[in-house]
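Participant: Below is the structure I would like to discuss, written out as structure tokens.
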Amino acid sequence: MKKIYPCVDVDLGKITHNAKTITDMCNKVNIEVAAVTKVFCAQSPITEAILKSGIKGVADSRISNLKKSKDLNCEKLMIRIPMISEAYEIVRYSDTSLNSELATIRALSVAAKDLNKIHNIILMVDIGDLREGVLIQDATSTASEILKLDNIKLIGLGTNVTCYGGVIPDSENLGILIKLKGDLEKSFNISLPLISGGNSSSLHMVINNTMPKEITQLRIGESILLGRETAYGKPVANCYEDAFILKGEVVEIKNKPTIPTGKIGVDAFGNIPHFEDLGIRKRAIIAVGRQDIRLEGLVPVDSDITVFGASSDHLIIDITDCKKELSVGDVVDFNVDYGCLMAAMTSPYVEKYYNN
Ligand SMILES: *Cc1c(COP(=O)(O)O)cnc(C)c1O
């Protein structure tokens, strides 16, 4: 098959394998996995590959992505705090949403009543990362208001850490959530069966057997896709880290110096560039750039290649030490990190190919 470059090659078998490894590990300690699909814009071949593992729910931050999964037979979870303006779509396209604002939950209640549905709410609690969630001292009053609403069911509590503040989940901060669950259940004589204990940064606690038994759900994206836990950035045992490969085509190869000639101003992105003098090097330009990738997250598969830099549409690499003789028209492979994968999957200029 003739390919269009740049592209991302997606190995669906590796993704199913990773999803199965992670869900088996979590199910063993009675944790269900909600597979987070936002990084790959909920492209259905990948979502279907994940669901093959037996995972029962998908989660996304955007309605347009949840719509892509609407015909898939699985639970749908909205993981960004909903906008009031999308209340009807939230109720239509998700079974459950993570929430922290009463005004929005009231709007969801109205929408759910109109649509003749019951919408599930997980109340998000901020346990220190300072992104979404009610403050601990406000949880009881908020829960009491939620419980008054029609067509809304409060099914549990949730939290998110690491994404913004870099806080690492542990039994102490997750303990706050667990204590709160007990307090709320007692105060209101209810049962809160679901405790959503975070994202891929919580997986290390499952691996190390330190996850409190009250946690019943994790929302996992990166670990399934890239085979890494994200508290410490360690590979997850028996998972693939290379299910996604970015490929770009060489459009120029020339021997050039490493220091530009002329007076140096700011680059295309407003930064003053710095150069290390490595003498004359063999440089290749790949037809891919910052409009498609996150430069810092791109790692050549061939470890003899290094990255010099990139502008909007040109990626410059050093191929001097490369054992393979590269020519114009050849294709170079790169591993990607989370940010780079997100950019590449979102860029309309990057083709996506799915292999089994
Ligand atoms: C993105 C996101 C996740 C998934 O994060 P990963 O690091 O990819 O596992 C989970 N929960 C929320 C609220 C998110 O926004």
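Here this note's numbering is used: the first residue of the sequence shown is 1, the next is one more, and so on.
Even for Gly, the Cβ is constructed at its ideal location relative to N, Cα and C.
#1: Residue range of the alpha helix (DSSP H) that F188 falls in?
#2: Excluding sequence positions up to five away, which residues of its chain have a Cβ less than 7 Å from the Cβ of I84?
#3: Apart from the five residues on each side of it in sequence, which residues of its chain come closer than 7 Å, Cβ to Cβ, to G156?
#4: Taking 7 Å as the cut-off, is the C-beta of L174 nearer than that to any heavy atom in ligand 1?
#5: Only counting the same chain, and skipping five residues up and downstream in sequence, which positions put a Cβ closer than 6 Å to that of K256?
#6: In whole angstroms, give me the CA-to-CA distance for V332 and A344.
#7: With three or more C-beta pairs closer than 8 Å as the rule, is the segment 70-90 touching the segment 28-46?
#8: A310 bridges to which residues according to DSSP?
#9: Which whole-angstrom value describes the C-beta separation of L226 and Y354, a residue pair presumed to lie in contact below a C-beta threshold of 8 Å?
#10: Who are the Cβ neighbours of E276 in its own chain at under 8 Å, not counting the five residues just before and after it?
#11: Tell me whether N120 is buried or exposed, calling it buried when 16 or more other Cβ atoms sit within 10 Å of its Cβ.
#12: Residues in its own chain within less than 6 Å of D183 by CB, not counting five upstream and five downstream?
#13: Under the DSSP definition of a beta bridge, which residues are partnered with T96?
#14: Counting Cβ pairs, one atom from each stretch, are 3 or more of them under 8 Å apart for the segment 292-303 and the segment 260-275?
#15: In three-state DSSP terms, what is Q137?
#16: Counting Cβ pairs closer than 8 Å, one from the segment 166-185 and one from the segment 211-229, do we hit at least three?
Facilitator: The answer reads as follows:
#1: 171-188
#2: A103, T104, A107
#3: I122, L192, P193, L194, I195, S196
#4: no
#5: Once the five neighbours on either side are set aside, the close Cβ partners of K256 are R283.
#6: 15 Å
#7: yes
#8: Looking at the DSSP assignment, A310 forms a beta bridge with L315.
#9: Taking the Cβ atoms as the reference, L226 lies roughly 17 Å from Y354, outside the contact range of under 8 Å.
#10: T258
#11: buried
#12: So the list is empty, once near-sequence residues are dropped.
#13: L77, N120
#14: no
#15: Helix, per DSSP.
#16: yes
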